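In UniProt numbering, the protein residues as written are 1 to 193.
Listed below in structure tokens is the structure:
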């Protein structure tokens, strides 16, 4: 129904992206991976999936087309709805998920809340054949923010920092110096946190 929406990112944290589109703000549910791709104050193209239920209408957003395809494929598995699919996508990048399925890596799924061994096996069994046909994202489909930002946030999270605090710190530093190197960005963030 909606292929994508384009607008200005108002905020993006705790699994929700607020996107300003022509005097309307949309609340879009996103994975942790997608959340790290969008930066407040920037324009973004968000690939979408609209879910209409009897009691609610929800919009899910994705950083690229590959992530959205995986979202739909995951929902084809018995017992995996939109919330669970988004939770699975939050376990890593779309490429990480694809690799886990193709290599039958059950330990990848252990870290994902709500995914037990039976569900993990079912995901691998049912998606292994079709997952390799999903196109890898091209630079045109990638979210606009730099990978430096994402790499810095991931580095801080691996050191135990909260994603929201890490993203806020990185965004503040990058707003002052957009050309900062990854090493200096991480060092500065660690000094300020």
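Backbone N, C-alpha and C fix where the C-beta goes; we use that ideal spot for every residue, glycine too.
None of the values given here were measured: they were computed from a predicted structure.
Closer than 7 Å by C-beta to residue i: which residues in its own chain qualify, once you throw out the five before and the five after it? Chain order, please.
i, result
"residue 4", "45, 46, 47 and 48"
"residue 169", "189, 192 and 193"
"residue 11", "18 and 40"
"residue 171", "39 and 40"
"residue 117", "106"
"residue 112", "87, 88 and 91"
In angstroms with no decimal places, state the Cα-to-Cα distance between residue i and residue j.
i, j, result
"residue 128", "residue 90", "19 Å"
"residue 24", "residue 149", "27 Å"
"residue 153", "residue 17", "17 Å"
"residue 67", "residue 92", "11 Å"
"residue 125", "residue 156", "34 Å"
"residue 53", "residue 158", "37 Å"
"residue 179", "residue 97", "31 Å"
"residue 160", "residue 166", "10 Å"
"residue 164", "residue 69", "26 Å"
"residue 173", "residue 183", "13 Å"
Would residue i be called buried (16 or more neighbouring beta carbons within 10 Å of its own) or exposed?
i, result
"residue 193", "exposed"
"residue 78", "exposed"
"residue 39", "buried"
"residue 94", "buried"
"residue 190", "exposed"
"residue 37", "buried"
"residue 162", "exposed"
"residue 87", "buried"
"residue 120", "buried"
"residue 123", "buried"
"residue 57", "exposed"
So, for residue i: in the same chain, excluding its five sequence neighbours on each side, which residues have a beta-carbon less than 6 Å away from its beta-carbon?
i, result
"residue 2", "48 and 50"
"residue 108", "100"
"residue 85", "71, 74 and 75"
Closer than 8 Å, CB to CB, is residue i near chain B or not?
i, result
"residue 100", "Reference to chain B is not applicable here, since this structure consists of a single protein chain."
Report all residues from its chain with a CB closer than 8 Å to the CB of residue i; omit the five preceding and five following residues, and keep chain order.
i, result
"residue 6", "21, 43, 44, 45 and 46"
> Hey, is the region 25-43 in contact with the region 61-75, meaning 3+ C-beta pairs nearer than 8 Å?
Replying inline: yes
> Where in the UniProt region "Domain III" (148-193) do unbroken runs of the alpha helix (DSSP H), each at least 4 residues long, occur, reported from the N-terminal end onward?
Replying inline: 163-176 and 182-192
> What are the start and end residues of each continuous beta strand (DSSP E) run of 3 or more residues lying completely inside the region 42-123, in chain order?
Replying inline: 43-52 and 57-62
> At what residue ranges does the region 9-41 contain a whole run of the alpha helix (DSSP H), taking only runs of 4 or more?
Replying inline: 32-37
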